[in-house]
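Structure record follows, encoded as structure tokens.
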Ligand code: PMT
């Protein structure tokens, strides 16, 4: 039986991949399946937390959780911000588009001869950084960093990118996971190095997505100030 160390804790977890419409039939998306977010939600709930999943596009059933469905990064931001007002723990496991098309066409974009097509993209807000900036006292804010490595030292460069992101976003915890075509996304094992807001390593491990979730939730539990639960 899981320990009930999170009884009375209210948590919101974002999961899945956002979809930014180009026209009524096309979108810009990513490979996130929602499995890692769901695993975090399952672990939190198994330990007694009251959990809401803000779900972008997912490939898996979200079970018995309370779910707020969203499509775009903008919708995800509104929903997570709303849920965060009453949450003790916020976990951003969703893969959020950094850019969206400047204009979504009202009708299907037509092929025009043999010419290519140039899309104009604009930046989406950084939702995690906004949550950190507006964090309530005692609230624990957690992010994931999806990084690809380069050159001879793939693991080292993943971690280097992760450290930079940890310092920039300032979340209490940032789980850095290497991603690629067969890595990180989907029905695969995962591995994380968990950093604090200064980029210092506070945990690491790998295995199933549930095992990764357990590593992260243990660190969240250590950081919760039980006297200020919502
Ligand atoms: O869903 P799965 O198939 O199980 O795959 C899991 C996963 C690889 C998607 C997951 O473990 C993961 O890494 N999620 C975060 C993906 C991501 O968007 O990473 P990022 O490095 O681009 O962003 C860093 C953090 O900022 C994330 O917590 C992200 O939710 C958040 N973010 C990103 C962009 C943005 N505009 N706003 C944000 O809040």
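In UniProt numbering, the protein residues as written are 173 to 402. All C-beta atoms, glycine included, are put in the ideal place defined by N, C-alpha and C.
Within 10 Å of its beta-carbon, does residue 421 have 16 or more other beta-carbons around it, so buried, or fewer, so exposed?
Any property of residue 421 remains undetermined from this structure, which presents the chain solely from 173 to 402.
What whole-angstrom Cβ distance do residue 205 and residue 359 have, given they're in contact under 8 Å?
In the chain shown, counting from the first residue as 1, residue 205 sits at position 33. In the chain shown, counting from the first residue as 1, residue 359 sits at position 187. Sure, about 7 Å apart at Cβ, within 8 Å.
Neighbourhood of residue 212 by C-beta distance below 6 Å, restricted to the same chain and skipping five residues each side:
Looking up residue 212 in the chain shown gives position 40. So the qualifying residues of the chain are 185, 263, 265 and 385.
Rounded to whole angstroms, what is the Cα-Cα separation between residue 390 and residue 214?
Numbered from 1 along the chain shown, position 218 holds the residue referred to as residue 390. Numbered from 1 along the chain shown, position 42 holds the residue referred to as residue 214. Cα to Cα, the separation comes out at about 13 Å.
Where residue 209 falls, given that 16 or more other Cβ within 10 Å makes a residue buried:
On the chain shown, position 37 is the one that residue 209 refers to. It is buried - the Cβ of residue 209 has at least 16 other Cβ atoms within 10 Å.
Starting from residue 194, follow the alpha helix (DSSP H) in both directions and report where the run begins and ends.
Taking the first residue of the chain shown as position 1, residue 194 is located at position 22. No alpha helix (DSSP H) holds residue 194; the beta strand (DSSP E) holding it covers 192–195.
If distances are taken between C-alpha atoms only, which option among 322, 365, 308 and 272 comes closest to residue 315?
Translated into positions along the chain shown, residue 315 becomes position 143. Of the candidates 322, 365, 308 and 272, the one whose C-alpha sits nearest the C-alpha of residue 315 is 365.
Can at least three beta-carbon pairs, one atom from the region 175–195 and one from the region 241–257, be found at a separation below 8 Å?
yes
Within 10 angstroms of its Cβ, does residue 356 collect 16 or more other Cβ (buried), or is it exposed?
As a first step, residue 356 must be located in the chain shown, where it is residue number 184. Answer is buried; the Cβ neighbour count reaches 16.
Can you round the beta-carbon distance between residue 341 and residue 304 to whole angstroms, since I take them to be within the 8 Å contact cut?
One-based indexing of the chain shown puts residue 341 at position 169. One-based indexing of the chain shown puts residue 304 at position 132. About 6 Å; that satisfies the 8 Å criterion.
Rounded distance between the beta-carbons of residue 388 and residue 343, thought under 8 Å:
Translated into the one-based positions of the chain shown, residue 343 becomes position 171. Translated into the one-based positions of the chain shown, residue 388 becomes position 216. Rounded, the Cβ-Cβ distance is 12 Å, inconsistent with contact.
Are the C-beta atoms of residue 349 and some chain C residue less than 7 Å apart?
Given the protein chain composition of this structure (a single chain), no chain C is represented.
Going by the DSSP bridge assignment, what does residue 315 pair with across the sheet?
Residue numbering aside, residue 315 sits at position 143 when the chain shown is read from its first letter. In DSSP, residue 315 forms a bridge with 264 and 346.
To the nearest whole angstrom, what separates the beta carbons of residue 226 and residue 252, a pair I think is in contact under 8 Å?
Translated into positions along the chain shown, residue 226 becomes position 54. Translated into positions along the chain shown, residue 252 becomes position 80. Between residue 226 and residue 252, the beta carbon gap of about 5 Å places them in contact (Cβ cut-off 8 Å).
Could you check whether residue 220 and residue 248 sit closer than 7 Å to each other, using their CB atoms as the reference points?
Numbered from 1 along the chain shown, position 76 holds the residue referred to as residue 248. Numbered from 1 along the chain shown, position 48 holds the residue referred to as residue 220. Contact flag unset, no.
Best match in 308, 334, 307 and 313 for proximity to residue 320 [C-alpha to C-alpha]:
Reading the chain shown from its first residue, position 148 is the one you call residue 320. The candidate whose alpha carbon is nearest that of residue 320 is 334.
Residue 374 versus residue 284: straight-line alpha-carbon distance, rounded:
Position 202 of the chain shown, counted from the first residue, corresponds to residue 374. Position 112 of the chain shown, counted from the first residue, corresponds to residue 284. Residue 284 has its alpha-carbon roughly 53 Å from the corresponding atom of residue 374.
Under 6 Å from any heavy atom of the ligand PMT, does the C-beta of residue 311 make it?
Taking the chain shown and counting its residues from 1, the one referred to as residue 311 is at position 139. No - the ligand PMT has no heavy atom lying nearer than 6 Å to the Cβ of residue 311.
Could you tell me if residue 229 is buried or exposed, where buried requires 16 or more neighbouring beta carbons within 10 angstroms of its beta carbon?
Taking the chain shown and counting its residues from 1, one reaches residue 229 at position 57. The residue is buried, with at least 16 neighbouring Cβ atoms inside 10 Å.
Contact under 7 Å by Cβ, residue 402 with residue 224:
Taking the chain shown and counting its residues from 1, one reaches residue 402 at position 230. Taking the chain shown and counting its residues from 1, one reaches residue 224 at position 52. Against a cut-off of 7 Å, the Cβ pair of residue 224 and residue 402 comes out as no contact.
Can you tell me where the alpha helix (DSSP H) with residue 367 in it begins and where it stops?
Working through the chain shown from its first residue, we reach residue 367 at position 195. Here residue 367 belongs to no alpha helix (DSSP H); instead the beta strand (DSSP E) covers 362–367.
Residue 199: CB within 6 Å of a non-hydrogen atom of the ligand PMT
The residue you call residue 199 lines up with position 27 of the chain shown. False, no ligand heavy atom lies under 6 Å from that Cβ.
By Cβ distance below 6 Å, which residues in the same chain neighbour residue 363 in space, the five residues on each side in sequence not counted?
Position 191 of the chain shown, counting from 1, holds the residue named residue 363. Only 378 meet the Cβ criterion.
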